[in-house]
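As structure tokens, the structure follows; a few thoughts come after it.
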Amino acid sequence: MGDIIGLYPGTFDPITFGHTDIIRRAVKLVDTLIVGVAINQEKSPLFTLEERVAMIKASLEGMDLSIRGQIVVEPFDDLLMTYAEKRKVEVIIRGLRAVSDFEYEFQMVGMNSFLNEDIETVFLMADARYQAIASRLVKEIAQLGGDINAFVPATVVPQLLAKVGRR
Ligand code: ADP
19 MGDIIGLYPG TFDPITFGHT DIIRRAVKLV DTLIVGVAIN QEKSPLFTLE ERVAMIKASL
79 EGMDLSIRGQ IVVEPFDDLL MTYAEKRKVE VIIRGLRAVS DFEYEFQMVG MNSFLNEDIE
139 TVFLMADARY QAIASRLVKE IAQLGGDINA FVPATVVPQL LAKVGRR
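Our numbering puts the first residue of the sequence shown at 19, with every later residue one more than the last.
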């Protein structure tokens, strides 16, 4: 089977402590973890693809990881399963927050298994402290003048504040 390659896909607009917690868990399970940043134009991201990739890389530098494998951060614009096949991914990793994530993820796994039934999806839960964090809400809090330090890595804070015109 060789080295296990895992893919953690998302929009990461921007990366939060929920995402970093899932990354911290995922690296223990695979030899190489690809953090795949989706262009996701239809979600109209606040940050450009390049900014999102750079913020993930900067956040990882500040992380204390008990690494089993290496981490690669890269953008993708293919269909998820096409990208996963190209990169020889065996496991797709997704985070689960509340029950609200379940229905959407359940459907995705079902559809994706039609496209390639050999790639498994594994769901990880973040630590209770981070489970409620969602990029969408963090952006709202930033826009409305709230303190975002508890939600995103320190390197993301000034960039998010600058985006919403607070510095
Ligand atoms: P997407 O647009 O694919 O949902 P996101 O960047 O919002 O991308 O999320 C990427 C993945 O990280 C998803 O599987 C999502 O459920 C998970 N995730 C996001 N925030 C959290 C969190 N606080 N706890 C656990 N998983 C999370």
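We treat Cβ as the ideally placed atom computed from N, Cα and C, and that holds for glycine. Note that the structure is predicted; figures quoted are calculated from it, not measured.
ask   = So is the beta-carbon of Ile-151 under 6 Å away from any non-hydrogen atom of the ligand ADP?
value = Looking up residue 151 in the sequence shown gives position 133. Yes - the ligand ADP has a heavy atom lying nearer than 6 Å to the Cβ of Ile-151.
query = Quick one: is Gly-80 buried, meaning 16 or more other Cβ sit within 10 Å of its Cβ, or exposed?
reply = As a position in the sequence shown, residue 80 is number 62, starting the count at 1. The residue in question, Gly-80, is exposed, as its Cβ has fewer than 16 Cβ neighbours within 10 Å.
ask   = Leaving out five residues before and five after Leu-97 in sequence, what residues of the same chain have Cβ atoms less than 8 Å from its Cβ?
value = If you number the sequence shown from 1, residue 97 lands on position 79. Excluding residues within five positions, the ones whose Cβ falls inside 8 Å are Leu-133.
request  = Below 8 Å CB to CB, which residues in the same chain sit around Phe-94 once its five sequence neighbours on both sides are set aside?
outcome  = As a working note, residue 94 is residue 76 in the sequence shown. Answer for Phe-94: Pro-27, Gly-54, Val-55, Ala-56, Ile-57 and Tyr-101, listed in chain order.
Within 7 Å, strictly: CB atoms of Val-107 and Ile-23 = Along the sequence shown, read from residue 1 onward, the residue named residue 107 stands at position 89. Along the sequence shown, read from residue 1 onward, the residue named residue 23 stands at position 5. Yes, they are a contact pair.
query = Short check: CB of Ala-144 to CB of Gly-113, under 7 Å?
reply = Taking the sequence shown and counting its residues from 1, one reaches residue 144 at position 126. Taking the sequence shown and counting its residues from 1, one reaches residue 113 at position 95. Contact flag set, yes.
query = Helix or strand or just coil, what does DSSP make of Leu-155?
reply = In the sequence shown, residue 155 corresponds to position 137, counting from 1. Three-state DSSP puts Leu-155 in a helix.
task = Indicate the three-state DSSP secondary structure (helix, strand or coil) for Glu-2 in the structure shown.
result = Nothing can be reported for residue 2: it is not among the residues displayed for the chain, which extend from 19 to 185.
query = So the alpha helix (DSSP H) Phe-65 belongs to, where does it begin and stop?
reply = Counted from its first residue, the sequence shown places residue 65 at position 47. No alpha helix (DSSP H) holds Phe-65; DSSP gives it neither H nor E.
query = Cα-Cα, which of Arg-185, Leu-83, Arg-184 and Gln-177 is closest to Ala-72?
reply = Your numbering for residue 72 matches position 54 in the sequence shown. Of the listed residues, the one whose Cα sits closest to Ala-72 is Gln-177.
Backbone CA spacing between Ile-137 and Val-109 [nearest angstrom] = Within the sequence shown, numbered from 1, the residue matching residue 137 stands at position 119. Within the sequence shown, numbered from 1, the residue matching residue 109 stands at position 91. The straight-line gap from Cα to Cα measures roughly 6 Å.
task = Output the distance between the C-alpha atoms of Val-175 and Glu-60, rounded to the nearest integer angstrom.
result = As a position in the sequence shown, residue 175 is number 157, starting the count at 1. As a position in the sequence shown, residue 60 is number 42, starting the count at 1. Computed Cα separation, rounded: 25 Å.
query = Whose C-beta lies closer than 7 Å to the C-beta of Ala-44 among residues of the same chain, with five residues either side of it excluded?
reply = Translated into positions along the sequence shown, residue 44 becomes position 26. Same-chain partners within the cutoff: Gly-24, Tyr-26, Leu-51, Ile-111 and Leu-142.
task = With Arg-105 as the anchor, note down where its alpha helix (DSSP H) starts and where it stops.
result = On the sequence shown, residue 105 is found 87 positions in, with the first residue counted as 1. Neither: Arg-105 is in no alpha helix (DSSP H) and is coded neither H nor E.
task = Examine the ligand ADP and report whether any of its heavy atoms sits within less than 6 Å of the Cβ of Phe-124.
result = Here residue 124 corresponds to residue number 106 of the sequence shown, with the count starting at 1. It does not: the Cβ of Phe-124 is nowhere closer than 6 Å to a heavy atom of the ligand ADP.
message = Are the CB atoms of Tyr-122 and Gly-36 within a distance shorter than 7 Å?
response = Here residue 36 refers to the residue found at position 18 when the sequence shown is read from its first residue. Here residue 122 refers to the residue found at position 104 when the sequence shown is read from its first residue. Cβ atoms of Gly-36 and Tyr-122: not closer than 7 Å.
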